[in-house]
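Shown next, in structure tokens, is the structure this report addresses.
Protein chains: 4
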Amino acid sequence: MEGVPTKKNSQVTAAPARRGELLATAAEVFAEQGYKATTVRRIADHAGMLAGSLYYHFDSKESMLEEILRTFLDELWDGYDAVLKAGLGPRETLEALVTESFREIDRHRAAVAIYQKESRQLAGQERFAFLAESQRRFEKTWLETLERGVAEGVFRDDLDVRLTYRFVRDTVWVAASWYRPGGQHSPEEIARQYLSMLLDGIAVRE
Amino acid sequence: MEGVPTKKNSQVTAAPARRGELLATAAEVFAEQGYKATTVRRIADHAGMLAGSLYYHFDSKESMLEEILRTFLDELWDGYDAVLKAGLGPRETLEALVTESFREIDRHRAAVAIYQKESRQLAGQERFAFLAESQRRFEKTWLETLERGVAEGVFRDDLDVRLTYRFVRDTVWVAASWYRPGGQHSPEEIARQYLSMLLDGIAVRE
Amino acid sequence: MEGVPTKKNSQVTAAPARRGELLATAAEVFAEQGYKATTVRRIADHAGMLAGSLYYHFDSKESMLEEILRTFLDELWDGYDAVLKAGLGPRETLEALVTESFREIDRHRAAVAIYQKESRQLAGQERFAFLAESQRRFEKTWLETLERGVAEGVFRDDLDVRLTYRFVRDTVWVAASWYRPGGQHSPEEIARQYLSMLLDGIAVRE
Amino acid sequence: MEGVPTKKNSQVTAAPARRGELLATAAEVFAEQGYKATTVRRIADHAGMLAGSLYYHFDSKESMLEEILRTFLDELWDGYDAVLKAGLGPRETLEALVTESFREIDRHRAAVAIYQKESRQLAGQERFAFLAESQRRFEKTWLETLERGVAEGVFRDDLDVRLTYRFVRDTVWVAASWYRPGGQHSPEEIARQYLSMLLDGIAVRE
DNA sequence: GATGAATGAGACTTCATTCAT
DNA sequence: AATGAATGAAGTCTCATTCAT
């Protein structure tokens, strides 16, 4: 009888510049200190306002988190979908997905770090069900690509595919924990090296 | 001075068995919910007692965390040091270290997960300086091994060593986030597959 | 100095029509949710403006409340005074006062409901001393009427007069909590029935 | 009876002495200031503790309110049900119900005052649905009694029954707003006078 | 007249911790 | 060893109010 989630009126639609700035600030702090350990006051400090003032823009600390993650995932999937629609072979798909991921890390470093750290706990909450949903699509996409690669003989068939999937997934995303945008390596450069390790290994071929 | 058991040292000596159980419980909850998000009351619930009762055994929530991490790192370095003393070649050293790491994940899954998630923030606090110290030794150990491997021609020399280091490090430890002891793969088996991917890549060699 | 309208008196003179509308809106919301529980924002919502905009018209939330109650009481006493000046007998006076009260409820339902609910707490504040004053006049008026009636033999002398006073007073005003203007009974009709119950009781006479 | 504290940690069942005292204190303050205007700190002050300490005993301010009202209504209905089971005639039933109500006011003055003031707004919330339910039973009980009385010729048939119902209902309960236990009139004495006014009116019979 | 953004005080609540029993 | 009750600091959030535009 009460399943209709009435979104607090205009806060989602009215999204001028300030909103975005505040979200970026919040994301930075969340990423650095962890969501729970971040106080609303700290975010406000970083933004140069008082804690209560944030509530003019957002319903709650949690809603900031949600919007940060939603925005990131939406953009991520835009990128992924473009790749998947291109109809590439499995190896090229994998390369494109990994490269896209590093670009995303470059653009949304904080959001990725938050996602990486808090995702598991959040996914249980109704409000963050979209995280679990995204994770499922993620897994499906990667597994299919890997399996296609094995079938076509471009990926090794002596490895547990699920293990490989986790290996690839973690390998890429954890990079968000140390990556700093504007460093000496461009995301594409990092992607290239990662792909090289991932595909060919770090050992010298005899 | 020794004949007068102060509260402080009574807490170190009293009923070591119960202590261990409580720490294991705490670690489990910390790993699942995050340190900050875990309430002392929740730990006590899991242990079948009231929140206040925990303070008979421990000084504080933080001291539980410290003891959990210290115990884990001590054991980890025992294992690592044994490997390093063995005087193996770089590739064998790497294999042994990775295998040892998976064994540690198997034994201290919760502690590893906590370490993985909280380490960066904690390392700044004086009390947890040992984490930063451990990290430094860790980095040194791995970098040396990798560089030795490059020098001896067993590891590729066209890769950024620091990037490789991070790749290897993350790759191994993140496994703690999905690993469940008693699953179908033994730690050694997982280590073997990981090493295979790491060393030879997931692509088929032409 | 009179040629320079300060903010203060601009608030008294500006656009009297809008003021009245806003007060009516505010009264409605106060009556429905209680004064304390009513947020300025809610009033503004009902009026189709933003919360801050109300402060162009009024000094404060409290001043709205004051004006609502003052307006109501002023009008109420105009009616009462007219009745009292008419020099009627006690029974006719009582009938006229009750009828006048129901007319007031009809006209200022919201204000009456607010008065009913908040009066006691407000009366203590200096600003709302007029409520206590009104209550005193009220009590005096009714007690005199009742006592006159007892003395003249038209009201029973076996009842505690103060108890009777409270009975009559509450009986009439609580009606504001369920009365809806424009319903099937006119205020005069309701007054007639109330008076009938009040004067003759609900039991059948033997 | 009191010396046997049940070891349940459930806040509803574990109801030793302190709980009851605190609820009585809270009820007093709620009644005096209104629920919304009452701060948790004020309740705590009255109880001689800090605001936060209340949360050892109760989940929230709202849950205190709920328990106060529930307790009162449960007891009220115990009394009413006993009356209704006695199989009295309509006039005797009305007399017994009114008398029972005044006894309840005597025992739970604060709760009654709260009920009187906040009931309407609360009834909408899911949590306080029991208020609406109680109100329905209340209305049904009184209407039936009044209708039975009209049918049997002991109550007047020229009055709107619903209007009479409201008249009786309000008349009785509003008394809680001025009643002070331990005053000069016992609840039975007040009930007698109220019944006399209600049944026979305040006018002298010719 | 009204908006958009912010302030500042204070509300409810949480929680690690203490301590007498 | 453990409980029951309380403390005190801090956290999230609410809201009347202000003010430049």
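Protein chains in written order, with UniProt numbering: chain F, 1 to 206; chain H, 1 to 206; chain X, 1 to 206; chain Z, 1 to 206.
Positions of the beta carbon are idealized from the N, C-alpha and C atoms, including for glycine.
All figures in this text were calculated on a predicted structure; none of them were measured in a lab.
Count the other C-beta atoms from every protein chain shown that fall within 10 angstroms of the C-beta of Z/T39, then say buried if there are 16 or more, exposed otherwise. Translated into the one-based positions of the fourth sequence, residue 39 of chain Z becomes position 39. By the 10 Å Cβ count, Z/T39 comes out exposed.
May I have the straight-line CA-CA distance separating F/V168 from H/A37, to the nearest angstrom? Working through the first sequence from its first residue, we reach residue 168 of chain F at position 168. Working through the second sequence from its first residue, we reach residue 37 of chain H at position 37. Going by the C-alpha atoms only, they are around 29 Å apart.
Rounded to whole angstroms, what's the CA-CA distance from F/G79 to F/Q135? Just pull it up for me. One-based indexing of the first sequence puts residue 79 of chain F at position 79. One-based indexing of the first sequence puts residue 135 of chain F at position 135. Near 15 Å, if we compare the C-alpha coordinates of F/Q135 and F/G79.
With distances taken Cα to Cα, identify the nearest neighbour of H/L76 among H/D106, H/H185, H/R205 and H/E189. On the second sequence, residue 76 of chain H is found 76 positions in, with the first residue counted as 1. The candidate whose alpha carbon is nearest that of H/L76 is H/D106.
Express the C-alpha separation of X/K61 and Z/E66 in angstroms, rounding to a whole number. Numbered from its first residue, the fourth sequence carries residue 66 of chain Z at position 66. Numbered from its first residue, the third sequence carries residue 61 of chain X at position 61. When rounded, the distance between both Cα atoms is 29 Å.
Hey, how far is the Cα of Z/A191 from the Cα of Z/D160? Position 191 of the fourth sequence, counted from the first residue, corresponds to residue 191 of chain Z. Position 160 of the fourth sequence, counted from the first residue, corresponds to residue 160 of chain Z. Cα-Cα distance, rounded: 24 Å.
Can you check the UniProt domain "HTH tetR-type" (16-76) of chain Z for any alpha helix (DSSP H) of at least 4 residues that lies completely inside it and give the ranges in chain order? 17-33, 40-47 and 54-57, all fully within the UniProt domain "HTH tetR-type" (16-76) of chain Z.
May I have the straight-line CA-CA distance separating F/L143 from F/R162, to the nearest angstrom? To locate residue 143 of chain F, count along the first sequence from 1; it is residue 143. To locate residue 162 of chain F, count along the first sequence from 1; it is residue 162. Spanning the two alpha carbons is a distance of roughly 7 Å.
Mind pulling the chain X residues with CB within less than 8 Å of Z/F102? For the purposes of this step, residue 102 of chain Z is identified with residue 102 of the fourth sequence, where counting begins at 1. Those within 8 Å of Z/F102 in chain X number zero; the least Cβ separation is about 12 Å.
C-alpha distance - Z/L195 paired with Z/E28, whole-angstrom precision: On the fourth sequence, residue 195 of chain Z is found 195 positions in, with the first residue counted as 1. On the fourth sequence, residue 28 of chain Z is found 28 positions in, with the first residue counted as 1. For Z/L195 and Z/E28, the distance between alpha carbons rounds to 28 Å.
Against chain Z, does X/W142 count as a neighbour if the rule is that its beta carbon must be under 9 Å from one of theirs? Your numbering for residue 142 of chain X matches position 142 in the third sequence. Taking 9 Å as the CB threshold, X/W142 stays off the interface with chain Z.
In this structure, how does DSSP classify X/A111 when only helix, strand and coil are distinguished? In the third sequence, the residue the question calls residue 111 of chain X occupies position 111. Helix at X/A111.
From Z/L97, Z/F30, Z/T164 and Z/P90, pick the residue whose C-alpha is nearest to that of X/A175; which is it? Here residue 175 of chain X is taken as the residue at index 175 of the third sequence, counted from 1. Restricting attention to Z/L97, Z/F30, Z/T164 and Z/P90, the CA atom closest to the CA of X/A175 is found in Z/T164.
Z/I114 versus X/E100: straight-line alpha-carbon distance, rounded: Counted from its first residue, the fourth sequence places residue 114 of chain Z at position 114. Counted from its first residue, the third sequence places residue 100 of chain X at position 100. Distance between the alpha carbons of Z/I114 and X/E100 is about 29 Å.
Is Z/N9 helix, strand or coil by DSSP? As a position in the fourth sequence, residue 9 of chain Z is number 9, starting the count at 1. Residue confidence for Z/N9 is low, a pLDDT of 38 falling below 50, so the modelled location carries little weight; the figure read from the coordinates is stated next. Coil, per DSSP.
For H/E66 and chain F, any beta-carbon pair shorter than 9 Å? If you number the second sequence from 1, residue 66 of chain H lands on position 66. Among the CB atoms of chain F, none fall inside 9 Å of the CB of H/E66.
Tell me the DSSP secondary structure of H/A203 in three-state form. As a working note, residue 203 of chain H is residue 203 in the second sequence. Three-state DSSP puts H/A203 in a strand.
Check each candidate in Z/T25, Z/G34 and Z/R205 and name the one with the smallest Cα separation from X/V154. Looking up residue 154 of chain X in the third sequence gives position 154. Nearest option by C-alpha distance: Z/R205.
Along chain X, which residues have their Cβ under 7 Å away from the Cβ of Z/R166? Here residue 166 of chain Z is taken as the residue at index 166 of the fourth sequence, counted from 1. Under the 7 Å cutoff, chain X gives W178.
Rounded distance between the beta-carbons of Z/F72 and Z/V112, thought under 8 Å: Numbered from 1 along the fourth sequence, position 112 holds the residue referred to as residue 112 of chain Z. Numbered from 1 along the fourth sequence, position 72 holds the residue referred to as residue 72 of chain Z. Contact flag correct, Cβ pair sits at about 7 Å.
Enclosing alpha helix (DSSP H) for Z/S134 [first to last residue]: Counting from one through the fourth sequence, the residue named residue 134 of chain Z turns up at place 134. Boundaries of the alpha helix (DSSP H) harbouring Z/S134: A129 to A151, taken from the DSSP string.
Classification of X/D170 by the beta-carbon crowding that lies within 10 angstroms, buried from 16 upward: Stepping through the third sequence from its first residue, residue 170 of chain X is reached at position 170. With 16 or more Cβ atoms within 10 Å of its Cβ, X/D170 is classed as buried.
Beta-bridge pairing of F/F155 - partner residues as DSSP gives them: What you label residue 155 of chain F is simply residue 155 of the first sequence in a count that begins at 1. F/F155 is bridged by DSSP to H/A203.
Beta-carbon of X/T171 versus every beta-carbon of chain Z: anything under 9 Å? The count along the third sequence starts at 1 and reaches residue 171 of chain X at position 171. With a threshold of 9 Å between beta carbons, X/T171 makes contact with chain Z.
Under 9 Å between C-beta atoms, does F/A191 make it to chain H? On the first sequence, position 191 is the one that residue 191 of chain F refers to. No, its Cβ sits nowhere closer than 9 Å to a Cβ of chain H.
Would you kindly work out how many angstroms separate the C-alpha atoms of H/G124 and H/A132, rounded to a whole number? Start at 1 with the first residue of the second sequence, and residue 124 of chain H comes out as number 124. Start at 1 with the first residue of the second sequence, and residue 132 of chain H comes out as number 132. In a straight line, the C-alpha of H/G124 is about 8 Å away from that of H/A132.
Of the residues H/R103, H/R156, H/A44 and H/I202, the one placed nearest H/E188, counting alpha carbons only: Position 188 of the second sequence, counting from 1, holds the residue named residue 188 of chain H. Nearest option by C-alpha distance: H/R103.
State the start and end residues of the unbroken alpha helix (DSSP H) segment that holds H/L163. For the purposes of this step, residue 163 of chain H is identified with residue 163 of the second sequence, where counting begins at 1. Residue range V161 to W173 is occupied by the alpha helix (DSSP H) that includes H/L163.
Quick one: grab the DSSP three-state call for Z/P181. Counting from 1 along the fourth sequence, the entry for residue 181 of chain Z is found at position 181. Coil at Z/P181, not helix or strand.
Excluding sequence positions up to five away, which residues of its chain have a Cβ less than 7 Å from the Cβ of F/R42? Translated into the one-based positions of the first sequence, residue 42 of chain F becomes position 42. Closer than 7 Å at the Cβ level, and outside the excluded window around F/R42, lie V29.
Determine the direct distance from the alpha carbon of X/V83 to that of Z/L199, and round the result to whole angstroms. Here residue 199 of chain Z refers to the residue found at position 199 when the fourth sequence is read from its first residue. Here residue 83 of chain X refers to the residue found at position 83 when the third sequence is read from its first residue. Computed Cα separation, rounded: 28 Å.
Could you give the distance in angstroms between the alpha-carbon of X/H57 and the alpha-carbon of X/Y35? In the third sequence, the residue the question calls residue 57 of chain X occupies position 57. In the third sequence, the residue the question calls residue 35 of chain X occupies position 35. Taking the Cα positions, X/H57 is about 19 Å away from X/Y35.
In angstroms, rounded to a whole number, what distance separates the CA positions of H/Q11 and H/Y55? Against the second sequence, residue 11 of chain H aligns to sequence position 11. Against the second sequence, residue 55 of chain H aligns to sequence position 55. At H/Q11, the pLDDT of 49 sits below 50, so the modelled position is not reliable; the number obtained from the coordinates is stated separately. Answer to the nearest angstrom: the Cα atoms are 9 Å apart.
Ordered along the chain, which non-local residues of its own chain (more than five positions away) have a Cβ less than 6 Å from that of F/A31? Residue numbering aside, residue 31 of chain F sits at position 31 when the first sequence is read from its first letter. Here F/A31 has A110, A113 and I114 as same chain residues with Cβ atoms under 6 Å from its own Cβ, once five neighbours each way along the sequence are excluded.
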